[in-house]
Amino acid sequence: MVGVRARRRLRRLAGRAGFAFAVLVMISPALMVFLWMISLSLKTEIENIAYPPVFVPETPTLDNFRHVFEASPFGRYIVNSLIVTGSATLFALAIGVPAGYGIAKAKAYRLAVLVLIARITPNLSYLIPLFILFQFLGLTGTLWPLVMTHLVITVPIVVWVMIGFFETLHPDLEEAALIDGATLWQAFRYIALPLARPGIVVAAILAFIFSWNNFIFGVVLAGRETRTLPVAVYNVLTFEQISWGPLAAAALVVTLPVLILTIFVQREILTGLTAGGIKGG
Amino acid sequence: MSAQAALVDTRRSHALWRRVSGGAAARGRPYALFVLPALVLMAAVIVFPWLFTGFMSLHEWKLSQARSFAGLDNYLRLLGDERFQWAALRTLYYAALAVVAPLVLGTVAALIFHRRFPFRGFLRGVFILPMMATPVAVGLVWTMMFHPQLGVLNYLLTSIGLPASLWVYDPGTVIPSLVMVETWQWTPLVMLIVLGGLAALPTEPYESAQLDGASAWAMFRHITFPLVLPFLMVAAIIRTIDAVKSFDIIFVISQGGPGTASETLNLFLYLQAFAFYDVGYASAVVAVFFALIVTLSLTLLYLRQRTQWSA
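Protein chains in written order, with my numbering: chain A, 22 to 302; chain B, -5 to 305.
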């Protein structure tokens, strides 16, 4: 009897160990790449091109980060990115939240198709006409073209997430307000909007991240002074010499805010992303 | 995300998908003003470029040069352009790999993350990092990892006794290597969608199957898989659209090279438009490219409609 129980316990333990191993295998590619990125950014150039590779830096140094900020106006690029992504996100919220509300209330799903079309179209295909338009308007060299094109990413995300969110809100309170003589706008502004705050947060986070990450608009439209961070990082890449430390440091500076945000608000991100499986790109 | 939230969410997105594809008459004019600003903006940034692209594609037009009407010349030129045809074939090859691999791995990951275990929320957060990270930044790290002499990947391969690879520096392995990065990046999205599907599954079939002594594989094959199939189709549609449009990773890691070995349609388009400034020809590429994406999505949407479970 004892033997059977022990064997059963052993088998359960083995099953658990196997499952833990499966989890480890699943998350290790993600974990390894980011740890390697951190490792590269903290090592000296000698350690970075050593073979066999040095995994844990012997004497961690912040020189690579210092180098990035000294060799290029990286601070300015950070400000550029904040302006472009910040304005594109705020503007998208301003027009996208009411639009999501209107579409959900009027059940005007044909309009939602427009959002899907924006999702399907390759970004490059907007870029040729807009590039010519911005040249014609004399806007090249300013941040305006970037803010405007980033709306192509942020507005669909906000509208799509908000449609889903407003659909789940119970209409009772708004209907009561309308019966009491409130206008549609008042019902939206004072009743639906405060209730939708969690949805707005999700929409804002997702819009911010995918706008922050965008590369293609910047690479075509940005000049030397108006680069956003992903474009600036790409330009750190030099093919003549291998300078992996500064490159990894620059890459880390760009993506670290997003990584930290993801870990802290992963639950909210998941809710937003599963609602229709949206992302920019 | 709690199981319940996932349930509500996936049902909702399901309903939304159905209504978007099925269509419902627009009603409720009083809400028009809510939608108008967004509508005008989207029309401006989507409809204007389309019309203008169509216009440009009918012209012989290099930037900073005079343009002249050319009729369908640009499209005829595409028909005879071998570089374009190779790019189209390469795009399909790339997309096929970059759809199948994340679908398989994402399903496995979803089955794992569907079970309860300690630190599940945090580990799931780590797992989805690749898809939230800035593509250019991770592209650069992968470039360093792919380095044939000093890269960490070849070190890992040789240390377990496998031959080193040239990765993105060899025309034969460049596309699978890039797909590896793309898979690393987008498996989490498939995982999330399938996870939503798993959370919405009923428990009764499992209970009766367990009573009948069904094996774990039999339960997956005959219960889980058919029920999750609609979600897999959604994931397949999204992955197909994204894989065909893939740009950042390829542009950063291989620039379409070596030679033109990883030049997909998007890279070809970029080159025509912003390296050669041949906007007339590039616009014709856009038109064909867009038609390809729409055809692929509609085909998958049709397949999805047929796999709809009665819910």
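Backbone N, C-alpha and C define an ideal beta-carbon position, used for all residues, glycine too.
On the DSSP bridge list, what partners appear for Phe63 of chain B? B:His53
Let me confirm a value: Ile232 of chain B is counted as buried when at least 16 other C-beta atoms fall within 10 Å, else exposed. Which label applies? buried
Take Thr56 of chain B as the anchor and find which of A:Val222, A:Leu164, A:Ile149, A:Leu280 has the nearest alpha-carbon. According to the sequence provided, residue 56 of chain B is Lys. The question's Thr does not apply to it. When each option's Cα is compared against that of Lys56 of chain B, the closest is A:Ile149.
Return the first residue and the last residue of the alpha helix (DSSP H) that Gln79 of chain B is part of. 76 to 108
Spatial neighbours of Asn101 of chain A within its chain, please: C-beta separation below 7 Å, excluding the five flanking residues on both sides. Leu164, Thr247, Arg248, Thr249
Considering only the beta carbon of each residue, do Val279 of chain A and Ile230 of chain A sit closer than 8 Å? yes
Where the stretch 256 to 269 of chain B meets chain A: residues whose CB sits under 9 Å from a CB there: Leu259, Asn260, Leu263, Tyr264, Ala267, Phe268
Quick one: measure Cβ to Cβ for Leu158 of chain A and Leu190 of chain A, integer angstroms, because I've assumed they're closer than 8 Å. Not really, about 40 Å apart at Cβ, beyond 8 Å.
Cβ contact (3+ pairs, closer than 8 Å) linking the stretch 71 to 84 of chain A and the stretch 139 to 156 of chain A: no
Find the residues of chain B that neighbour Met58 of chain A, judging by a C-beta separation of less than 7 Å, and give them in chain order. Val135
Determine the closest residue to Leu151 of chain A out of A:Asn256, A:Val46, A:Gly239, A:Pro219, with distance taken between C-alpha atoms. A:Gly239
Restricting to Cα atoms, I'd like to know which of B:Ala230, B:Trp178, B:Ala276 is closest to Ile122 of chain B. B:Trp178
Where does Leu272 of chain B land, buried or exposed, given buried means 16+ other C-beta within 10 angstroms? Correcting the residue type first, residue 272 of chain B is Asp in the shown sequence and not Leu. That one is buried.
Distance cutoff 8 Å, beta carbons only. Does Asn85 of chain A sit that close to anything in chain B? no
What residue from A:Ile284, A:Arg32, A:Leu242 has the CA that sits closest to Leu160 of chain A's CA? A:Leu242
Count the other C-beta atoms from every protein chain shown that fall within 10 angstroms of the C-beta of Gly190 of chain B, then say buried if there are 16 or more, exposed otherwise. buried
Given a cut-off of 8 Å on the beta-carbon distance, is the pair Val228 of chain B and Ile187 of chain B in contact? yes
What are the residues in the stretch 139 to 160 of chain A lying within 9 Å of chain B by C-beta distance? Ala139, Arg140, Ile141, Thr142, Pro143, Asn144, Leu145, Ser146, Tyr147, Leu148, Ile149, Pro150, Leu151, Phe152, Ile153, Leu154, Gln156
Three-state class that DSSP yields for Val275 of chain A in the structure shown: helix
Compute the distance between the beta-carbons of Val93 of chain B and Ala281 of chain B, then report whether it is under 8 Å. no
For Pro199 of chain B and Leu199 of chain A, I'd like the C-alpha separation in whole angstroms. 46 Å
When DSSP labels each residue in this structure, what does Val77 of chain A get in the three-state scheme? coil
Between B:His53, B:Gly100, B:Ala267, which has its C-alpha nearest Leu183 of chain B's C-alpha? B:Gly100
Give the interface partners of Phe46 of chain B over in chain A, defined as CB-CB distance under 7 Å, in chain order. Pro150
What's the gap between the Cα of Val168 of chain A and the Cα of Gly166 of chain B? 40 Å
Shortest alpha-carbon distance to Pro94 of chain A belongs to which of A:Arg30, A:Val252, A:Ala43, A:Gly117? A:Val252
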